[in-house]
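Chain order of the listed sequences is A and B.
The first sequence maps to residues 1496 to 1702 in our numbering.
The second sequence maps to residues 1496 to 1702 in our numbering.
C-beta atoms are modelled at their ideal positions from N, C-alpha and C, and glycine is treated no differently.
Please read these numbers as outputs of a predicted model, since none were measured by experiment.
Data first, discussion second: the structure below is written as structure tokens.
Number of protein chains: 2
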Amino acid sequence: MQPLTAKQRALADFIESHQRQQGRAPTYQEIADHFGYRSVNAVTGHIRLLRQKGYLASDTGKARSLRVTSPLAKLRSRIVDIPLFGSIPAGLPQAREQDTEGCISVDVESIGYKPSRNAFALRVAGDSMIGRHILDGDFVVLEHGPEPRNGQIVAALIDGASTLKTFLLKNGKPYLKAENPKYPDLVPAQELMIQGVFKALIRRARE
Amino acid sequence: MQPLTAKQRALADFIESHQRQQGRAPTYQEIADHFGYRSVNAVTGHIRLLRQKGYLASDTGKARSLRVTSPLAKLRSRIVDIPLFGSIPAGLPQAREQDTEGCISVDVESIGYKPSRNAFALRVAGDSMIGRHILDGDFVVLEHGPEPRNGQIVAALIDGASTLKTFLLKNGKPYLKAENPKYPDLVPAQELMIQGVFKALIRRARE
DNA sequence: TTGCATACTGTATGAATATACACTATTCCT
DNA sequence: AGGAATAGTGTATATTCATACAGTATGCAA
């Protein structure tokens, strides 16, 4: 790709940040206003060059159709928002709207699967799953609904709090196992509410 | 929030998916076309109701300004794209454009810090960092540039391949330590290229 | 039945928007 | 000095687009 001049890079950066912050691309007029141009044609010229060099794309005649063709944007796929629950009191039937403390946003490729509407995220409290390399403070993405298979990690409601455990089948009976010797080993999974199956994990570095 | 009718939900869904796939919100005409309406006013009515109920926002008079006010979208912050390198041969000066195998896209909140232009991601190969609970196949986000502090996890170029190690200072001298007894313990960090400091981790569930 | 909300068709209009044409100034290279 | 590329001002215009006005039809509750 041909290099950009300073002005052209500034323009491209502005278009990209406007797109992200406002949710829509700027118009030529808005670009001109931002840079203090008294003529929209100052913008037109720059855009033409940016397009020739392959940094911008747009549909002729369409309003607000400017797109920065960053090489990364091409690789990015669909971004999904997964609600982060502080606590899951009971059945989480349609709890998506309530109790949402935050939001995990990742693209589908990054977490390796396409979350359904029943996906949710939890912040891990405690080190009961350290044997499976899940740490206190990690964020786990879980899928609600599917029947857990032997050995999968699940979130279960135990004594009013949701806890991560390994789901085990022993002689056909489901058990939950904590992956830390400090915790009681096997809990019969009878009457337990399995809230979700572990799908992905996000960890932040400690400072 | 008041509930939506089936038609209204379909409309909201279309607006959202159009926004995501095309990068810009649809016009009233485009919505009408998509649903086969012969009049744009069919759309106008629905939009008015969606706005009244708080599901949609738009700036009057602005083109393509429809925004779905999903409760999650409000929580989502800026999404950043981090290039995923297959391998980092040498100094990674401005290697962002090349060698990019993929793209990790997350919002800033989710990974807990704002990546700079020097951030990059690697797929972990091997279990040399299992002592720090980083597994084979995990994706790690690293920040290039800052001087690593004692105990931080870094990616270093050793024998032509980048490897994760713990950065240690012993008597003022920098060492690199693998967190697995199977690996040689301390490697003098002299002459080694520190490529980045560990900032975040993304793990997919094994199937 | 009488309303009332939803779900449309059809027409119209002004503002928003992209984009072409005509020029000037500056910088950099030859 | 001359020419090309970048960086602007100013004016104009055909679309695109949001939105208002005037209706019709249907289901649903009082």
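Boundaries of the beta strand (DSSP E) in which Val-1692/B is found, first to last residue: Numbered from its first residue, the second sequence carries residue 1692/B at position 197. Taken as a continuous stretch (DSSP letters only), the beta strand (DSSP E) holding Val-1692/B covers 1688-1699.
Residue-level contact to chain A via CB, His-1628/B, 8 Å cutoff: What you label residue 1628/B is simply residue 133 of the second sequence in a count that begins at 1. Yes, His-1628/B counts as interfacial toward chain A.
Simplified DSSP state of Lys-1668/B, which is helix, strand or coil: Numbered from 1 along the second sequence, position 173 holds the residue referred to as residue 1668/B. In the structure shown, Lys-1668/B sits in a strand (DSSP, three-state: E or B).
Between the CA atoms of Gly-1646/A and Arg-1591/B - distance to the nearest angstrom: One-based indexing of the second sequence puts residue 1591/B at position 96. One-based indexing of the first sequence puts residue 1646/A at position 151. In this prediction, Arg-1591/B has a pLDDT of 44, which is less than 50 and means its spatial position is unreliable; what the coordinates show is noted afterwards. In a straight line, the C-alpha of Arg-1591/B is about 39 Å away from that of Gly-1646/A.
DSSP state of Asp-1631/A mapped onto helix, strand, coil: Residue 1631/A sits at position 136 when you count from the first residue of the first sequence. Of the three classes helix, strand and coil, the one that applies to Asp-1631/A here is coil, per DSSP.
Cβ of Phe-1693/B within 8 Å of any chain A Cβ: As a working note, residue 1693/B is residue 198 in the second sequence. At least one chain A Cβ lies under 8 Å of Phe-1693/B.
Where Pro-1679/B falls, given that 16 or more other Cβ within 10 Å makes a residue buried: To locate residue 1679/B, count along the second sequence from 1; it is residue 184. So Pro-1679/B counts as exposed.
Alpha-carbon spacing of Pro-1676/A relative to Ile-1648/B, whole angstroms: Counted from its first residue, the first sequence places residue 1676/A at position 181. Counted from its first residue, the second sequence places residue 1648/B at position 153. Each residue's Cα considered, the two are about 27 Å apart.
Below-8 Å beta-carbon distance, Gly-1607/A vs any chain B residue: By one-based count along the first sequence, residue 1607/A stands at place 112. Interface residue, yes.
Val-1619/A at chain B interface by Cβ criterion, 8 Å: Here residue 1619/A refers to the residue found at position 124 of the first sequence. Taking Cβ atoms only, chain B never reaches closer than 8 Å to Val-1619/A, which makes this a no.
Chain-ordered chain A contacts of Leu-1696/B [CB-CB under 9 Å]: For the purposes of this step, residue 1696/B is taken as the residue at position 201 of the second sequence. Per Cβ cutoff of 9 Å: Asp-1633, Leu-1696, Ile-1697, Arg-1698, Arg-1699 and Ala-1700.
Contained alpha helix (DSSP H) runs [length at least 4] in the region 1530-1576 of chain A, N- to C-terminal order: 1535-1547 and 1566-1570
Within chain B, partners of Ile-1574/A - CB distance below 8 Å: Counting from one through the first sequence, the residue named residue 1574/A turns up at place 79. Arg-1515, Ile-1574 and Ser-1600, listed in chain order.
Alpha-carbon spacing of Asp-1528/B relative to Val-1538/B, whole angstroms: For the purposes of this step, residue 1528/B is taken as residue 33 along the second sequence, with counting starting at 1. For the purposes of this step, residue 1538/B is taken as residue 43 along the second sequence, with counting starting at 1. Roughly 10 Å between the two C-alpha positions.
Under 9 Å from the C-beta of Ser-1560/A: neighbouring residues of chain B: The residue you call residue 1560/A lines up with position 65 of the first sequence. Simply Gln-1517, Gly-1518, Arg-1519 and Arg-1559.
Boundaries (first-last residue) of the beta strand (DSSP E) holding Arg-1515/B: As a first step, residue 1515/B must be located in the second sequence, where it is residue number 20. Per DSSP, Arg-1515/B belongs to no beta strand (DSSP E); it is in the alpha helix (DSSP H), 1501-1517.
8 Å contact criterion, which Pro-1643/B and Phe-1662/B should meet: CB distance rounded: In the second sequence, the residue the question calls residue 1643/B occupies position 148. In the second sequence, the residue the question calls residue 1662/B occupies position 167. Correct: roughly 4 Å between the Cβ atoms.
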